[in-house]
Amino acid sequence: KEGDYISINGSTGQVFEGQIETKAAEISGDFAELMDLCNKYTRLVVRTNADTPHDAEVARTFGAVGIGLCRTEHMFFEGEKIKAMREMILAENKEGREKALAKLLPYQTKDFYGILKAMDGLPVNIRLLDPPLHEFVPHDKKGQQEMADAMGVTLEQIKARVESLSENNPMLGHRGCRLGNTYPEITEMQTKAIIGAAIQLRKEGMNPQPEIMVPLVGKHYEFEQQEEIIRATAAKLFEEEGVKPFEFKVGTMIEIPRAALTADAVAARAEYFSFGTNDLTQMTFGYSRDDIASFLPVYLEKKILKVDPFQVLDQKGVGQLIKMAVEKGRSVRPDLKCGICGEHGGEPSSVKFCDKVGLNYVSCSPFRVPIARLAAAQGAIENC
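Numbering (the numbering used here), first residue to last: 609 to 992.
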């Protein structure tokens, strides 16, 4: 009946009455031997998508050699963090935003400290704020009243500000680097948190390897303005902390077709590319990832599509943009590191394609890391 526990064997489908004690999966025996064999043949390495120290630790036990995508927005939806985030969004001027961001800074620093510590010595690719701001604000009357009380303004003022954030097409609206360029104080705060956490860990004798990624770049000037803010903020923090500056990479997410087509211009300043294949697929096909279910079954049945392009990389379309971007980028910067961090990073045929076009790494969810490692080794053998 409702409320009773059952347990399900995910491999066999068996259902058991009650709550059966579980233990964490681990690499051992034949599985460990197979993974060691994969390491001998693989060319590209496997990172993980992780937003918490726990996920980072799990992925590391499965053989991930870094984080390919750390989404900072997932860190804001907790307790006091979301309140401060909403204060920043609903502020009417820069002074109000900076006041709210000052509250967020210690929370962000603590979050980055934990993830960098869990991946000590390995690269951690941290994406700056990406989603549109309306995703963080309250849309119900009760939530808006609470914000009005906290900020000392009227419900009508909060309601009007929330409504002003509404967009007809938020996926292509005020998000990603567009946020950082219109509100540079957001990029400044996140840079302080990332570099501040790394400074703290280095003082403790560790070796954090942060990478800062600018999302949704379509034109190289967008990236360059963000990179200037990041570098200037870091330089100022090094001076304030009295520490010797250390190297860290600043790169970009290639998820807009125009960025792939003009990758040589972007690579003049970007130190690495990370292909966001979820959005790149959306923008190349013109399919909404959230709405494709309304016609995908028919398209699969009529063989208009052979597979769901959000699960299996479209090698003839999206894949060619990736191949072109890698070639154009490396024509300017031969040592340009390239990887992918979309859902495709754990899908075997997509991983093999990534090896074929010369990517350095793929990134996937923690429990898909072994699958990606096996596919990477198979791809290296098939493509040699």
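Yeah, the Cβ is synthetic: ideal placement off N, Cα and C, and Gly gets one too.
Proximity winner among the options, relative to residue i (alpha-carbon distances)
| i | options | result |
| --- | --- | --- |
| K936 | Y907, K924, A867 and D922 | A867 |
| E955 | L929, D916, V934 and R938 | D916 |
| A840 | P853, V623, I989 and E695 | P853 |
| A983 | S882, E686 and S958 | S958 |
| I628 | S636, K711, D612 and I635 | D612 |
| F975 | S636, A664, G637 and N647 | A664 |
| A710 | E909, V761 and M797 | M797 |
| G760 | K911, G704, E610 and K609 | G704 |
| T630 | L913, G618, D638 and I803 | G618 |
| M932 | A985, G987, L869 and L944 | L869 |
Limits of the alpha helix (DSSP H) - the one that residue i falls within
| i | result |
| --- | --- |
| E990 | V977 to N991 |
| C785 | C785 to T790 |
| C972 | That residue, C972, is in no alpha helix (DSSP H); its beta strand (DSSP E) goes Y969 to C972. |
| L869 | P865 to L869 |
| Y649 | G637 to Y649 |
| Q753 | K749 to M759 |
| P917 | Run containing P917: none; DSSP gives neither H nor E here. |
Residue j beta carbon less than 7 Å from that of residue i
| i | j | result |
| --- | --- | --- |
| Y880 | G850 | no |
| Y721 | K689 | no |
| T717 | A805 | yes |
| V965 | V934 | yes |
| R735 | M821 | yes |
| I697 | V666 | no |
| G788 | T799 | no |
| G925 | T885 | no |
| L737 | E681 | yes |
| P865 | L929 | yes |
| C785 | E830 | yes |
| L888 | E863 | yes |
| D719 | M683 | yes |
| F918 | R897 | yes |
Straight-line gap, residue i to residue j (C-alpha atoms, nearest Å)
| i | j | result |
| --- | --- | --- |
| N815 | R938 | 28 Å |
| E625 | A632 | 21 Å |
| E793 | P905 | 45 Å |
| C949 | V654 | 10 Å |
| H662 | R668 | 10 Å |
| D963 | A699 | 46 Å |
| R651 | R981 | 10 Å |
| H952 | E641 | 25 Å |
| A843 | C992 | 43 Å |
| G947 | L967 | 5 Å |
| A708 | M755 | 13 Å |
| G676 | K725 | 15 Å |
| K648 | G813 | 31 Å |
| E610 | E819 | 47 Å |
| E855 | E771 | 42 Å |
| G826 | I837 | 18 Å |
| V920 | K750 | 42 Å |
6 Å CB neighbourhood of residue i in its chain, flanking five on each side removed
| i | result |
| --- | --- |
| V940 | D872, A875 and A876 |
| I616 | V623 |
| Q923 | F961 |
| L773 | L741 and H742 |
Start-to-end residues for the beta strand (DSSP E) that takes in residue i
| i | result |
| --- | --- |
| F854 | It is not in any beta strand (DSSP E) - F854 carries neither H nor E in the DSSP assignment. |
| C946 | K945 to I948 |
| M814 | Unbroken run through M814: none, as it is neither H nor E. |
| G676 | I675 to R679 |
Proximal residues to residue i (C-beta, below 7 Å), its chain only, five neighbours per side dropped
| i | result |
| --- | --- |
| G674 | R655, M727, L730, P731 and V732 |
| P740 | E775, P778, G781, H782 and R783 |
The ligand ATP heavy atom lying under 6 Å from the CB of residue i
| i | result |
| --- | --- |
| G937 | The ligand ATP is not part of the structure shown, which contains no ligands of any sort. |
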